[in-house]
Amino acid sequence: MFPLSWRTVQKRPIMTGSHLDKVIDSAIARQRIVGTVVLVARDGEIVYRRAAGSADREHAVPMRDDAIFRLASFTKPLVATAALKLADEETIDLCAPVTKWLPHFRPRLADGSTPAIALHHLLTHTAGLSYGFLEAADGPYRRARVSDGLDQPGLSLEENLARIGAAPLAYAPGTGWRYSVATDVLGAVLQEATGMPLPAIVQREVTGPLRMRETAFEVVDPGRLAVPYRDAKPAPPARMGDEETVPFMDGFAHFAPGRIFDAASYPSGGSGMAGTADDFMRFLLSLRTANRAILRAAEVDRTGTGAMTQGPGWGFGYLGAVLGHPKEAHSPQSAGTLQWGGAYGHLWFFDPLADLAVVQLTNTTFEGMAGAFPRDVRNAAYKDFT
């Protein structure tokens, strides 16, 4: 069984994190980020807590440690955990084809064939699916108007599944790795398998047992929601509008920050939740105690480090990237570390060997996820607390 239970996030006297303080102060002073909340836990207890910068720069609202953020892909490990629990209960079978629950979801390869996609492929992003922001402007997902789960408020899950199914697979399932909308498809499977909406499933299986009361597919307290910003280098980060297109890698990511308030928008299993740093730390710390069975399943690299899911040395498991070769990754993290980010400007990791967990939330896309800031936070956390 995968029992989920809540363990109080201890708030013992916070240790001084001199390197972390310098990293955070520098990033804000240099206007690389607008605001952040950083939590560090060692041996199961929080040893560092810092809220810095602004939650709303234009209205001089300071960041607070219980600020609520649009979690983006921090949603994925929560939905994946729900799936692992349902698999353990034999409600779903990770080796079964998606068509068992979604009979009309049959995307094709370029040659017209329709290969079987298993739930295991969805969990590991090896299904052959993609994300529009990873493609050129005229890529197949853009042409099909597939939502990445961050945009197109009001779009239904059924319509987005139809659009995903109309786009060709990038490769045969199980033969490659590509970050994708797979967790949105997984969410649809979970709904069909249980007869429940995805928000209720995640609440029943994960956030409820862990008492993550401020993490949901809605904003529980809009007054604490951090305003989102985007990189505008060399200028300071710019406040996001109702619709934003932000350059990323070789493409563009589309954001609609108001989507989180639109009840007609489908609950995106890959990016649809909002929550706090403390809540997400509860989730990470549960992996070291009552949920070690989930950790054992998650820390297995299902793709091999050749997938380079976070660069050299990184593979992928059921909850996120798995570090196989720290030297190749130029990282102080131990082999077996789990890590992933969120497009609104976040990064988390859990190093089971060092028993170190870090939750870093910002309101600055993409610096907070893929810029120098998360790397600097990671390095400083090891200097201060290991």
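When we follow our numbering, the leftmost residue of the sequence shown carries the number 3, and every step to the right adds one. Quick reminder that beta carbons are idealized off the backbone N, C-alpha and C, glycines included.
- CA-CA distance, L349 to A57, rounds to 18 Å.
- Taking all protein chains shown into account, S158 has fewer than 16 neighbouring C-beta atoms within 10 Å of its C-beta and is therefore exposed.
- Of the residues assessed, G373 falls on the buried side of the cut-off, its CB having 16 or more other CB atoms within 10 angstroms.
- The DSSP-derived three-state label of H256 is strand.
- According to the DSSP assignment, Q193 belongs to no beta strand (DSSP E) but to the alpha helix (DSSP H) extending over 184-196.
- The three-state reading of DSSP puts I35 in coil, since its state is none of H, G, I, E or B.
- The DSSP assignment places complete alpha helix (DSSP H) segments of no fewer than 4 residues inside the segment 106-183 at 121-126, 142-145, 159-168, in order along the chain.
- Taking L286 as the centre and dropping the five residues before and after it, the same chain places the C-beta of F352, A359 closer than 6 Å to its C-beta, in chain order.
- DSSP places I26 within a helical segment (H, G or I) once states are collapsed to three.
- Distance from the Cα of M214 is smallest, within the candidate group R34, A276, G344, for A276.
- In the structure shown, the three-state DSSP call for P328 is helix.
- Per DSSP, the continuous alpha helix (DSSP H) segment holding Y384 begins and ends at 374-387.
- Between F219 and the set T185, S273, A237, the nearest pair of CA atoms involves S273.
- In the three-state DSSP reduction, H61 falls in the coil class, being neither helix nor strand.
- The three-state reading of DSSP puts F351 in strand, counting E and B together.
- By the neighbour-count criterion, in which 16 or more other beta carbons inside 10 Å mark a residue as buried, L321 falls on the buried side.
- DSSP places R232 within a strand segment (E or B) once states are collapsed to three.
- Shown here, A279 sits in a helix according to DSSP, grouped into three states.
- Secondary structure at R51: strand, using DSSP grouped into helix, strand and coil.
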